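Residue 105 in UniProt numbering sits at position 105 of the sequence shown; the count goes up by one each step and never skips.
Every residue, glycine too, gets a C-beta built ideally from N, C-alpha and C.
Predicted model, so just to flag it, every value in this text is computed and none were measured.
Reading through the structure tokens given below for one structure.
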Amino acid sequence: MDGEWKRVAVPLLCAAGVSVLLLKWREQQKVKRKLQRAREKREKEIQQAEKAISLFKAQNSGVDLSSIVTLPLAELSQKVRGGSLKPDAVIYAYMEKALEVNRKLNCSTAVLMESLEQLEEIESHKDGLLYGVPVSIKENVDYKGYDSTCGVLTKLDDPSINDSVVVSVLKKQGAIPFIKTNVPQGLLNYECSNPIYGRTVNPCNLEKTPGGSSGGEAALIAAGGSVLGLGTDLGGSIRIPAAFCGICGLKPTNNRISMHGLDSCAKGGKTALTAVGPLARDVEGLALCMRALLCTDMFTLDPTVPPIPFNQQVYESTKPLRIGYYENDGYLQPSPSMSRALRETKELLEKAGHTLIEFKPPRIYDAFHEFVLRGNLADGGSVLLQHYKEGPIDPSMKYPVSLCRFPLFVKKLISLLLRPIYPRMAAAISSICGVSSVIDLWKQHKEAQDYVHETLAEWEKLELDVLLCPMLGPAFNFNYAGQQSTALSYNALYNVLNFPVGVVPVTKVTDEDEDQLKNYRGNFGDVWDKTFVKAIQDGVGLPVAVQCVARPWQEEMCLRLMKEVEKLCAENKRSKTQH
Numbered sequence: 001m002d003g004e005w006k007r008v009a010v011p012l013l014c015a016a017g018v019s020v021l022l023l024k025w026r027e028q029q030k031v032k033r034k035l036q037r038a039r040e041k042r043e044k045e046i047q048q049a050e051k052a053i054s055l056f057k058a059q060n061s062g063v064d065l066s067s068i069v070t071l072p073l074a075e076l077s078q079k080v081r082g083g084s085l086k087p088d089a090v091i092y093a094y095m096e097k098a099l100e101v102n103r104k105l106n107c108s109t110a111v112l113m114e115s116l117e118q119l120e121e122i123e124s125h126k127d128g129l130l131y132g133v134p135v136s137i138k139e140n141v142d143y144k145g146y147d148s149t150c151g152v153l154t155k156l157d158d159p160s161i162n163d164s165v166v167v168s169v170l171k172k173q174g175a176i177p178f179i180k181t182n183v184p185q186g187l188l189n190y191e192c193s194n195p196i197y198g199r200t201v202n203p204c205n206l207e208k209t210p211g212g213s214s215g216g217e218a219a220l221i222a223a224g225g226s227v228l229g230l231g232t233d234l235g236g237s238i239r240i241p242a243a244f245c246g247i248c249g250l251k252p253t254n255n256r257i258s259m260h261g262l263d264s265c266a267k268g269g270k271t272a273l274t275a276v277g278p279l280a281r282d283v284e285g286l287a288l289c290m291r292a293l294l295c296t297d298m299f300t301l302d303p304t305v306p307p308i309p310f311n312q313q314v315y316e317s318t319k320p321l322r323i324g325y326y327e328n329d330g331y332l333q334p335s336p337s338m339s340r341a342l343r344e345t346k347e348l349l350e351k352a353g354h355t356l357i358e359f360k361p362p363r364i365y366d367a368f369h370e371f372v373l374r375g376n377l378a379d380g381g382s383v384l385l386q387h388y389k390e391g392p393i394d395p396s397m398k399y400p401v402s403l404c405r406f407p408l409f410v411k412k413l414i415s416l417l418l419r420p421i422y423p424r425m426a427a428a429i430s431s432i433c434g435v436s437s438v439i440d441l442w443k444q445h446k447e448a449q450d451y452v453h454e455t456l457a458e459w460e461k462l463e464l465d466v467l468l469c470p471m472l473g474p475a476f477n478f479n480y481a482g483q484q485s486t487a488l489s490y491n492a493l494y495n496v497l498n499f500p501v502g503v504v505p506v507t508k509v510t511d512e513d514e515d516q517l518k519n520y521r522g523n524f525g526d527v528w529d530k531t532f533v534k535a536i537q538d539g540v541g542l543p544v545a546v547q548c549v550a551r552p553w554q555e556e557m558c559l560r561l562m563k564e565v566e567k568l569c570a571e572n573k574r575s576k577t578q579h
């Protein structure tokens with residue numbers, strides 16, 4: 001009987017094994033073809049753009065395209081509106097420069113050839129505040145006819161049916177969206193690499209990440225391939241790449257700018273809120289973009305957006321400010337360059353007549369674990385993981401994806417075992433277990449709201465106008481961001497609070513900063529503190545920024561502090577150069 005069973009069973013088992021392998025092979029081939037089509041599509045768009053640029057240059061041999069891309073946004077806008085620069089010359093200049101930058105940095109996912117068709121009707125938008133200004137947009141911002149993949153294969157080959165509201169408003173204001181920019185796989189990472197479009201590198205140092213998730217956007221602008229861009233920010237996704245690449249970025253209050261038509265891999269979180277905002281080379285570029293977007297068209301296309309126009313009077317005010325500040329949030333010890341950037345900026349503001357008051361963010365340890373980590377992964381990461389089932393996992397995402405994939409009891413066990421030795425790591429791993437019930441979810445939402453009011457009460461007690469605080473930096477080495485979610489405490493706090501916050505580059509990493517890393521111990525002395533040092537090593541010459549924060553709906557006040565910091569740093573630099 002045994003012999004008979006073996007004669008029947010063995011071939012059946014072999015056949016089943018072969019079938020499984022064959023199925024797996026077919027799936028792999030399907031993924032390869034899908035990736036190949038996406039890359040070929042991008043290459044075709046690049047070739048079309050190159051042909052269009054060559055034709056324009058042949059027909060307009062007297063136009064100097066290279067000088068156009070050096071102009072600050074405000075000056076570029078004035079020249080186009082004044083007629084001394086033609087919109088067609090500007091768009092071709094930036095398209096040419098963007099393609100050049102992309103060859104070096106791999107920062108684009110699509111060239112929007114419709115932008116050239118938009119030139120045909122551009123004169124009808126001559127009154128727009130961004131008339132003739134080319135704008136780059138992050139890959140997850142919907143543009144009709146193009147994918148918003150968020151760097152995952154599950155969203156590939158699914159082009160947007162309509163423009164997002166923010167793209168529609170840009171067009172109505174005369175701006176010309178002309179390129180989409182790269183993101184990390186799934187967006188929830190501050191590196192910039194995915195299996196579809198590959199890795200984007202930092203223009204300041206090709207061995208460093210430009211940050212994420214708006215990494216392609218920041219890299220393109222910093223390298224001169226765009227003058228203005230749009231990104232999104234859930235835990236620093238505008239601010240981190242802006243700081244890593246040495247440009248300015250603003251995360252507004254959630255829904256100050258319409259969120260309708262923005263894609264993600266895990267929607268629905270309520271304790272840390274996403275916002276869409278601008279990136280530019282200077283603060284005035286951000287302010288111009290906000291003035292343009294906060295218009296009747298925005299409020300009409302999306303009635304959920306509060307109809308609050310830009311307050312130019314607040315932005316231009318010169319009244320001395322009461323500025324709160326902190327150097328160490330008690331969660332992540334800042335790098336030496338982060339600390340120095342904060343101290344030097346504080347001194348410049350004090351010398352300029354502003355009052356600086358020490359401020360301590362309340363309960364940052366609990367807030368980060370409960371509202372950032374558990375809030376974003378309330379479901380234990382199950383929705384996010386659905387998007388990682390198809391195709392390869394990017395190297396930068398292997399650590400967090402593997403951690404999320406552990407069974408719930410394994411995560412709880414790891415957390416329990418780590419608690420006596422590494423309490424911060426234990427608390428973080430406990431957080432990614434998510435919430436256990438709807439009752440707990442509602443409780444979490446209430447506690448997050450209470451935390452916002454607790455923080456605002458501290459602001460009121462100290463009579464603060466704005467806040468100055470460190471900004472994560474300098475730019476990381478590759479494949480460390482996924483291992484360092486805890487480094488986000490300085491950034492993600494303001495997504496929980498829903499305060500507008502922007503970054504301004506103020507200095508660069510010195511040899512002394514680098515040398516002081518040898519003495520870095522961190523606030524906890526755990527594995528993550530040691531990993532942080534490895535992540536930022538070899539950063540001499542890289543930009544370092546500070547964050548400027550205001551109360552909800554007070555973007556103008558936030559920009560006002562940013563403008564003041566930018567001006568004082570420029571004056572200080574000129575003074576040092578002269579001496």
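Could you tell me the distance, in whole angstroms, from the CA atom of L568 to the CA atom of D329?
-> One C-alpha to the other measures close to 25 Å.
For G380 and C248, the rounded distance between their alpha carbons = Rounded to the nearest whole angstrom, the C-alpha separation of C248 and G380 is 34 Å.
In angstroms, rounded to a whole number, what distance separates the CA positions of P474 and L517?
-> Straight-line Cα distance between these residues: approximately 12 Å.
With DSSP as the reference, label E121 as helix, strand or coil.
-> Reduced to three states, the DSSP call for E121 is helix.
Output the distance between the C-alpha atoms of G324 and T149, rounded to the nearest integer angstrom.
-> Whole-angstrom Cα-Cα distance: 40 Å.
With distances taken from CA atoms, which of V466, N202 and M290 is nearest Q173?
-> Closest option to Q173, Cα to Cα, is M290.
For F409, count neighbouring Cβ atoms within 10 angstroms of its own Cβ and tell me buried if that reaches 16, exposed if not.
-> With fewer than 16 neighbouring CB atoms inside 10 Å of its own CB, F409 falls in the exposed class.
Identify every residue that forms a DSSP beta bridge with I53.
-> Answer is none; I53 lacks a bridge partner.
Bounding residues of the beta strand (DSSP E) (the contiguous stretch that carries D233) | Where D233 is concerned, the enclosing beta strand (DSSP E) starts and stops at L228 to D233.
Specify the secondary structure class of Q547 as computed by DSSP and reduced to three states.
-> If DSSP states are grouped into helix, strand and coil, Q547 belongs with the strands.
Could you have a look at T455 and say whether DSSP puts it in helix, strand or coil?
-> In this structure, T455 counts as helix in the three-state DSSP scheme.
For K144 versus S160, is the C-beta spacing smaller than 7 Å?
-> For K144 and S160, yes; Cβs fall inside 7 Å.
Sort G285, C433 and A367 by Cα distance to E75 and report the nearest one.
-> Comparing Cα positions, the closest option is G285.
Coil, strand or helix - L403 by DSSP = For L403, the secondary structure class from DSSP, reduced to helix, strand or coil, is helix.
Round the Cβ separation of G522 and P400 to the nearest angstrom and send it over; I've been treating them as touching at under 8 Å.
-> Not confirmed; about 20 Å, so no contact.
If you draw a straight line from the C-alpha of T154 to the C-alpha of W459, how long is it?
-> Straight-line measurement puts the Cα of W459 at about 44 Å from the Cα of T154.
Quick one, which of I432, P423, L417 and I421 has its alpha-carbon nearest S402's?
-> Cα-wise, what sits closest to S402 is I432.
Compute the Euclidean distance between the alpha carbons of Q537 and E123, then round it to the nearest angstrom.
-> Taking the straight line joining both Cα atoms gives about 50 Å.
Where do the N-terminal and C-terminal ends of the beta strand (DSSP E) with S136 fall, by residue?
-> Counting along the chain, the beta strand (DSSP E) containing S136 begins and ends at P134 to K138.
Would you list the residues sitting across from I176 in a DSSP beta bridge?
-> In the DSSP output, where bridge partners are listed per residue, I176 has P134.
Assign T577 to one of two classes, buried (16 or more other C-beta atoms within 10 Å of its C-beta) or exposed (fewer than that).
-> Result: exposed.
Residues bridged to N202 (per DSSP) | N202 pairs with N205.
Out of F499, A378, S168 and I91, state which residue places its alpha-carbon closest to the alpha-carbon of C558.
-> Checking every option, the nearest Cα to that of C558 belongs to F499.
Ordered along the chain, which non-local residues of its own chain (more than five positions away) have a Cβ less than 6 Å from that of E327?
-> Cβ contact annotation for E327 (same chain, cutoff 6 Å, sequence separation greater than five): S339 and L342, in chain order.
Whole-angstrom C-beta distance between F178 and V115, which should lie under 8 Å = According to the sequence provided, residue 115 is Ser. The question's Val does not apply to it. Their Cβ separation, rounded to whole angstroms, is 4 Å, which keeps S115 and F178 in contact under 8 Å.
Give the secondary structure of T109 by DSSP, where H, G and I count as helix, E and B as strand, and everything else as coil.
-> Strand, per DSSP.
Could you please give the first and the last residue of the uninterrupted alpha helix (DSSP H) stretch that includes G285?
-> Residues V283 to L293.
Go ahead and label W528 buried or exposed: buried means 16 or more other beta carbons lie within 10 angstroms of its beta carbon, across all protein chains shown.
-> Burial call: buried.
Please name the residue in D526, I414, T70 and K573 whose C-alpha comes closest to that of L348.
-> Looking at D526, I414, T70 and K573, the one whose alpha-carbon comes closest to that of L348 is K573.
Counting only the same chain and skipping the five closest in sequence on each side, list residues whose C-beta sits under 6 Å from that of K443.
-> Excluding its 5 nearest sequence neighbours in each direction, K443 has no C-beta neighbour in its own chain below 6 Å.
From Q547 to E344, what does the alpha carbon distance come to, in whole angstroms?
-> Near 13 Å, if we compare the C-alpha coordinates of E344 and Q547.
Using three-state DSSP, classify K144 as helix, strand or coil.
-> Looking at K144 - three-state DSSP - the assignment turns out to be coil, as it is neither helix nor strand.
Which same chain residues, not among the five before or five after S430, have their C-beta less than 6 Å away from its C-beta?
-> Excluding five sequence positions before and after S430, the CB atoms of its chain that fall closer than 6 Å to its own CB belong to S415, given in chain order.
Taking the alpha-carbon positions, what's the Y92 to I53 distance?
-> The C-alpha of I53 is placed about 6 Å away from the C-alpha of Y92.
Reference Y422; option with closest CA among D88, V141, D526 and R281 = Checked all of D88, V141, D526 and R281; the closest Cα to Y422 is D526.
Find out if the Cβ-Cβ distance for the pair G132, P87 is shorter than 7 Å.
-> Yes, these two residues count as a Cβ contact at 7 Å.
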